[in-house]
Amino acid sequence: MNKNFQTDNPQVELRACKKAIASLALGRLVLFFSIGAVLIIGLSEVRLMLLAFFPLAALFIYLIKLFNDQKDRQNFLKAVLKMRSNQLLRKKRELSSFDKGEQFRDKNHAFCNDLDLFGEHSLFQLLNHTVADGGKTLLAKWLKAGVDPQKAKKRFSAIKELSGHQNFVRNFEAIGKAFVKEEKNKKPFYKWLKSPITWKSFYWLPLITGPLVGLMLLFGWLLMNWSPAYFSAWILIGLGFLAMIFRPLMEAYKIMPDEGDLKTLRAWSGELEHLEFNDVYLKQLQAPVLDEKYRASEALKSLEQQSFAVQNRTNLVYLIFNLFFWADFWVLWRLERWKKKYAGHMQEWEEVFEEWQVLVSLAAFTNEENISCEVEWTEKMEIGVKSLGHPLLPQDVCISNDFEMQEQQKTVLLTGSNMSGKTTFMRTLGINMVLVNLGLSPFASYYFSGPFQLFTSMRNTDSLGESVSSFYAELARIKGLLEQAEEGKPVFFLLDEILKGTNTTDRVMGSEALIKQLMGSKSKGIISTHDIELSKLEESYESLVNYSFQSDIKDNEILFDYKIKKGPCPSFNAHKLMELMGIRFD
Numbered sequence: 088m089n090k091n092f093q094t095d096n097p098q099v100e101l102r103a104c105k106k107a108i109a110s111l112a113l114g115r116l117v118l119f120f121s122i123g124a125v126l127i128i129g130l131s132e133v134r135l136m137l138l139a140f141f142p143l144a145a146l147f148i149y150l151i152k153l154f155n156d157q158k159d160r161q162n163f164l165k166a167v168l169k170m171r172s173n174q175l176l177r178k179k180r181e182l183s184s185f186d187k188g189e190q191f192r193d194k195n196h197a198f199c200n201d202l203d204l205f206g207e208h209s210l211f212q213l214l215n216h217t218v219a220d221g222g223k224t225l226l227a228k229w230l231k232a233g234v235d236p237q238k239a240k241k242r243f244s245a246i247k248e249l250s251g252h253q254n255f256v257r258n259f260e261a262i263g264k265a266f267v268k269e270e271k272n273k274k275p276f277y278k279w280l281k282s283p284i285t286w287k288s289f290y291w292l293p294l295i296t297g298p299l300v301g302l303m304l305l306f307g308w309l310l311m312n313w314s315p316a317y318f319s320a321w322i323l324i325g326l327g328f329l330a331m332i333f334r335p336l337m338e339a340y341k342i343m344p345d346e347g348d349l350k351t352l353r354a355w356s357g358e359l360e361h362l363e364f365n366d367v368y369l370k371q372l373q374a375p376v377l378d379e380k381y382r383a384s385e386a387l388k389s390l391e392q393q394s395f396a397v398q399n400r401t402n403l404v405y406l407i408f409n410l411f412f413w414a415d416f417w418v419l420w421r422l423e424r425w426k427k428k429y430a431g432h433m434q435e436w437e438e439v440f441e442e443w444q445v446l447v448s449l450a451a452f453t454n455e456e457n458i459s460c461e462v463e464w465t466e467k468m469e470i471g472v473k474s475l476g477h478p479l480l481p482q483d484v485c486i487s488n489d490f491e492m493q494e495q496q497k498t499v500l501l502t503g504s505n506m507s508g509k510t511t512f513m514r515t516l517g518i519n520m521v522l523v524n525l526g527l528s529p530f531a532s533y534y535f536s537g538p539f540q541l542f543t544s545m546r547n548t549d550s551l552g553e554s555v556s557s558f559y560a561e562l563a564r565i566k567g568l569l570e571q572a573e574e575g576k577p578v579f580f581l582l583d584e585i586l587k588g589t590n591t592t593d594r595v596m597g598s599e600a601l602i603k604q605l606m607g608s609k610s611k612g613i614i615s616t617h618d619i620e621l622s623k624l625e626e627s628y629e630s631l632v633n634y635s636f637q638s639d640i641k642d643n644e645i646l647f648d649y650k651i652k653k654g655p656c657p658s659f660n661a662h663k664l665m666e667l668m669g670i671r672f673d
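Each residue of the sequence shown is one higher than the last, beginning at 88 in the working numbering.
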């Protein structure tokens with residue numbers, strides 16, 4: 088497989104690659120028939136002509152290698168072109184064709200369902216450049232993780248440097264997309280790596296004797312006209328010896344990793360070995376691949392070869408070769424030698440490459456979106472943003488907002504007309520907090536935040552299967568928030584249309600009680616409501632501040648600017664909306 092995955096013009100190079108593949112396929116076919124002719128003539132007329140079989144077979148194997156290299160190159164170039172088309176789709180926010188990550192949804196999670204982290208048109212679809220299940224699962228884990236400023240800072244620095252290695256970021260993803268197909272469970276393989284060595288010291292005798300005697304018999308038959316009966320006796324003896332190692336080789340055959348997985352890990356290692364990083368975190372992740380005593384790419388290349396040999400033992404050519412030269416002993420010896428030398432490293436390599444997949448995803452996302460806002464973490468319980476936009480909206484139409492909550496402010500009461508942007512703004516703030524916790528830049532020009540744990544209550548729906556009403560579901564969410572607040576956690580909450588499942592009187596009373604209760608904790612956040620009466624609480628509580636989204640009505644049309652403003656909303660549009668839908672107020 089080519090070690091150089093560079094490409095300047097993949098479309099042109101792909102056409103040249105296809106021509107090379109066609110030429111090599113034709114050459115292989117011609118050589119195959121030539122070998123057949125040599126065998127027929129040699130066996131029937133000129134026996135010495137069989138000596139030409141070996142160089143022709145070697146040339147045939149070499150052509151197979153060239154052919155496979157070109158096929159790998161073709162797959163790589165196709166992956167690069169596919170990535171380019173995916174980039175255009177992401178830019179236009181046309182995400183329906185990407186993996187939705189539905190399996191990572193969790194209705195009991197503190198915020199993931201409300202902020203469109205997974206599912207249709209989700210952040211996962213926008214971020215995910217991973218190519219294997221392990222990387223995808225780790226990315227989801229990071230997305231759902233609680234806020235950790237230290238980890239976020241460490242990742243931010245790493246992603247910033249990694250995004251500068253654009254060829255590596257592209258090649259890493261393309262290699263995975265080119266070779267990782269259906270993943271094979273590696274647990275049996277790791278169990279095999281920990282099992283005792285099966286090689287016995289007396290196996291050296293057949294390992295050396297097999298090829299020597301086999302070659303002697305072959306040349307004796309070719310040059311001195313020895314009887315074929317010697318071959319029959321030799322094969323019978325060999326069957327007895329080969330039976331001793333049949334079982335361990337069959338076990339290895341069953342548990343060997345998929346060829347595409349090994350090819351991918353090997354190529355990733357080779358790409359990493361050519362890079363030098365300044366960031367400490369990146370150096371730590373590179374270290375297992377770049378040990379002083381070995382190179383992971385060399386070890387994985389060797390394993391790839393051993394795996395190929397083990398899994399092709401049932402090939403007819405190999406079976407004949409094995410009967411004459413007892414090749415299984417060489418296969419087992421090389422396999423056990425690899426196991427003894429590298430068994431303790433294989434799982435570590437796979438795990439570290441899962442982390443590389445996530446970091447490459449985040450670096451690719453950084454480059455595609457051209458985001459570069461610095462993040463300022465503070466010990467104070469405050470948050471502030473400028474020009475904040477939603478990452479899932481096309482950036483050419485996305486309307487940004489400025490927002491700030493100072494340390495003494497505990498609750499923002501957000502009022503506004505229907506469809507004016509309240510919920511979208513809250514999700515915008517929440518999803519950017521997730522981006523920042525990942526170690527990414529937010530979609531903003533300025534961002535600072537204290538170490539808040541994020542909690543949301545926005546999409547509370549009823550469940551017939553669980554006999555749960557939407558109102559009860561919301562109360563259960565609020566209970567979870569209160570429990571965290573009582574534990575003294577610095578929670579930043581986003582509560583949308585609070586207590587909307589009950590009547591106005593109870594809703595206003597319950598909302599006011601909840602606001603007071605949360606004011607006594609370390610928590611702070613935003614509560615949206617249609618109950619304008621609650622805005623009067625600002626007069627009684629210095630820690631509560633009113634913000635709103637507003638609309639204008641002109642010529643029977645409702646106009647929105649989607650900009651957040653200080654103060655309560657002066658007017659609502661529900662009456663007008665109902666009129667426009669045909670409800671008459673006589």
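C-beta atoms are modelled at their ideal positions from N, C-alpha and C, and glycine is treated no differently.
If you count every other CB in all the chains shown that lies within 10 Å of the CB of residue i, and 16 or more means buried, which is it?
i                 : result
histidine 216     : buried
glycine 552       : Unreliable positioning characterises glycine 552 in this predicted model, as indicated by a pLDDT of 44, which lies under 50. A coordinate reading is not provided.
tryptophan 291    : exposed
glutamine 540     : buried
methionine 468    : buried
tyrosine 368      : buried
phenylalanine 163 : buried
proline 293       : buried
lysine 426        : buried
glutamine 98      : exposed
So what does DSSP say about residue i, is it helix, strand or coil?
i                 : result
threonine 296     : helix
aspartate 348     : helix
glycine 222       : helix
aspartate 593     : helix
asparagine 272    : coil
lysine 576        : coil
glycine 325       : helix
threonine 94      : coil
tyrosine 317      : helix
asparagine 254    : helix
phenylalanine 259 : helix
aspartate 159     : helix
glycine 503       : strand
glutamate 132     : coil
serine 184        : coil
tyrosine 634      : strand
tryptophan 286    : coil
isoleucine 613    : strand
lysine 652        : strand
glycine 301       : helix
serine 554        : Because serine 554 sits at a pLDDT of 40, beneath the cut-off of 50, its placement in the model cannot be relied upon, and the point is left open.
threonine 515     : helix
serine 608        : coil
valine 462        : strand
threonine 498     : strand
For residue i versus residue j, is the C-beta distance shorter than 7 Å?
i                 : j                 : result
serine 638        : serine 504        : yes
threonine 502     : serine 627        : no
glutamine 398     : tyrosine 317      : no
proline 481       : phenylalanine 530 : no
proline 344       : phenylalanine 412 : no
lysine 268        : glycine 347       : yes
leucine 525       : tryptophan 279    : no
phenylalanine 636 : valine 578        : no
asparagine 258    : glutamate 100     : no
serine 630        : lysine 509        : no
glycine 221       : glutamate 441     : yes
Is any heavy atom of the ligand SAH found at a distance shorter than 6 Å from the C-beta of residue i?
i             : result
glutamate 441 : The ligand SAH is absent from the structure shown, which contains no ligand whatsoever.
Throw me the rounded Cβ distance for the residue i and residue j pair, which I believe falls under 8 Å.
i              : j                 : result
leucine 721    : phenylalanine 580 : Outside the modelled stretch of the chain, which goes from 88 to 673, sits residue 721, for which no answer is possible.
serine 384     : arginine 424      : With a Cβ gap of about 18 Å, serine 384 and arginine 424 do not count as contacting.
serine 209     : aspartate 203     : 5 Å
isoleucine 458 : serine 528        : 4 Å
alanine 245    : leucine 446       : 6 Å
Using 7 Å as the limit for Cβ to Cβ distance, is residue i near chain C?
i           : result
alanine 386 : Judged by its chain identifiers, the structure shown contains no chain C, having just a single protein chain.
- prompt: In chain order, which alpha helix (DSSP H) runs of at least 4 residues are fully inside the stretch 362–388?
  reply: 367–373
- prompt: What are the complete beta strand (DSSP E) segments, minimum 3 residues, inside the stretch 518–542?
  reply: 533–536
- prompt: Which runs of the beta strand (DSSP E) fall wholly inside the stretch 401–451 and span at least 3 residues, in chain order?
  reply: none
query: Mind pulling the alpha helix (DSSP H) runs of 4 or more residues that sit fully within the stretch 168–215?
result: 210–214
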